[in-house]
Amino acid sequence: MPSAPDEYIVLADCKDSNNVLQSQMAYYNETSPANKPQDTAVVAAPAGQLSNWFCDFSSGQFTTTGVQFNATLGPKRDEGDYAGNGTNGYDSDNGGFRCWQQYNRSQYKQGQFDCSQVLRCDHRAAPSPLPSISCSAASGNSTDTDPHGLTTGAKIGIGVGSGVGGLILLAIAASVWRYLRKRRRPATELPVGGGGGPEKGAAYTHNLAPDGSYANYHNHQHPQELFAADARVEADTFSPLGELPANHQQHELETPESRYYAHYDAEGNTLPRT
13 MPSAPDEYIV LADCKDSNNV LQSQMAYYNE TSPANKPQDT AVVAAPAGQL
63 SNWFCDFSSG QFTTTGVQFN ATLGPKRDEG DYAGNGTNGY DSDNGGFRCW
113 QQYNRSQYKQ GQFDCSQVLR CDHRAAPSPL PSISCSAASG NSTDTDPHGL
163 TTGAKIGIGV GSGVGGLILL AIAASVWRYL RKRRRPATEL PVGGGGGPEK
213 GAAYTHNLAP DGSYANYHNH QHPQELFAAD ARVEADTFSP LGELPANHQQ
263 HELETPESRY YAHYDAEGNT LPRT
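This note's numbering applies: residue 13 is where the sequence shown begins, and numbers increase by one.
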């Protein structure tokens, strides 16, 4: 296929009535109408998908002539912009093909397929200065990844998530520590004796003094029973047991919850409560 000054090749996306997709290359010479190419070639693409075209190497072999056309394209640009280069092996005298991003819907039909032009490769002069067709420079269409496939955004997300998770774990650990420390703290001793009348949990003894008066003797000098919340326990003493007067008569004491003391005279008769 000798090159012609006005020849061009269309890189097209095609679809049939059943939504089957196919990518094609269509060859036109100077006399070919736009809707009737002289030859076509199917471009390999993943099943059920179209060719990526941009940032890719595309190749197709024409059915009638057997000529192979190769296109090396850069990133997607604005409509009408230079997109890359192509060659069919016969275009050295024309400097090869330059491909331009130029869309034309339903440009031609090939069998059951309706095909739309995506790019057009022809012999127009390349722009000056020549734009780079390196896809590594197209940061807007690429994603920064490491050799293990993690993007920069994924790394940032993992870092932030790890930090938040660590703070949550520290808060949980602190709560558990405070709870266990509170449970292990020894029970507070109940107060015994003191002025102002008996309190809940406090125990008192009421005995006659040697002169016949009444006095409250607290458990600092005499053994007595304490009332705990759920059981009765005997308090330790700091001194040996004292001998009670011979005329002392034991009497049943009020419960610790009582608000008043019981008083008795020398014969053991109960005095009125005050």
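Just so you know, even glycine gets a beta-carbon here, dropped at the ideal spot from N, CA and C.
Predicted model only: the values in this text are computed from it and were never measured.
| query | result |
| --- | --- |
| Should the region 109-124 be called in touch with the region 90-97, which here means at least 3 C-beta pairs below 8 Å? | yes |
| ALA150 to SER128, Cα distance in whole Å? | Because ALA150 sits at a pLDDT of 49, beneath the cut-off of 50, its placement in the model cannot be relied upon, and the following sentence gives the value as read from the coordinates. So the alpha carbons of these two residues sit roughly 25 Å apart. |
| Go ahead and label CYS26 buried or exposed: buried means 16 or more other beta carbons lie within 10 angstroms of its beta carbon, across all protein chains shown. | buried |
| Mind checking whether THR52 and THR77 have CB atoms under 8 Å apart? | no |
| For the pair the region 136-145 and the region 117-125, tell me if three or more CB-CB distances fall below 8 Å. | no |
| From ALA24 to SER71, what distance separates their C-alpha atoms? | 12 Å |
| Count the other CB atoms, across all protein chains shown, that sit within 10 Å of the CB of GLN73; report buried if there are 16 or more and exposed otherwise. | exposed |
| Per the DSSP calculation, THR99 is bridged to which residue(s)? | ASN82 |
| Inspect the beta-carbon positions of PRO49 and VAL22 and report whether they are closer than 8 Å. | yes |
| Identify whether GLY175 lies in helix, strand or coil by the three-state DSSP scheme. | helix |
| In three-state terms, what does DSSP make of CYS67? | coil |
| Once the 5 residues before and after CYS67 are set aside, which same chain residues still bring their CB inside 6 Å of it? | PRO87 and CYS147 |
| In whole angstroms, what is the alpha-carbon distance linking TYR102 and GLY171? | 55 Å |
| Just to confirm before moving on: does the CB-CB distance between TYR120 and ASN30 stay below 8 Å? | no |
| Pick from ASP90, ARG117, ARG132 and GLN114: whose alpha carbon is nearest that of ASN82? | ARG132 |
| Between the C-alpha atoms of SER63 and TYR40, what's the straight-line distance to the nearest angstrom? | 20 Å |
| Tell me whether LYS194 sits in a helix, a strand or coil according to DSSP, three-state version. | helix |
| What would DSSP say about ILE145, mapped onto helix, strand or coil? | coil |
| Which first and last residues belong to the beta strand (DSSP E) in which GLN124 is found? | Segment: none, GLN124 is in no beta strand (DSSP E) and carries neither H nor E. |
| On the three-state DSSP scale, how would you describe GLY92? | coil |
| With a threshold of 6 Å on Cβ separation, who are the neighbours of ALA57 within its own chain once the five nearest residues in sequence on each side are excluded? | SER35 and SER63 |
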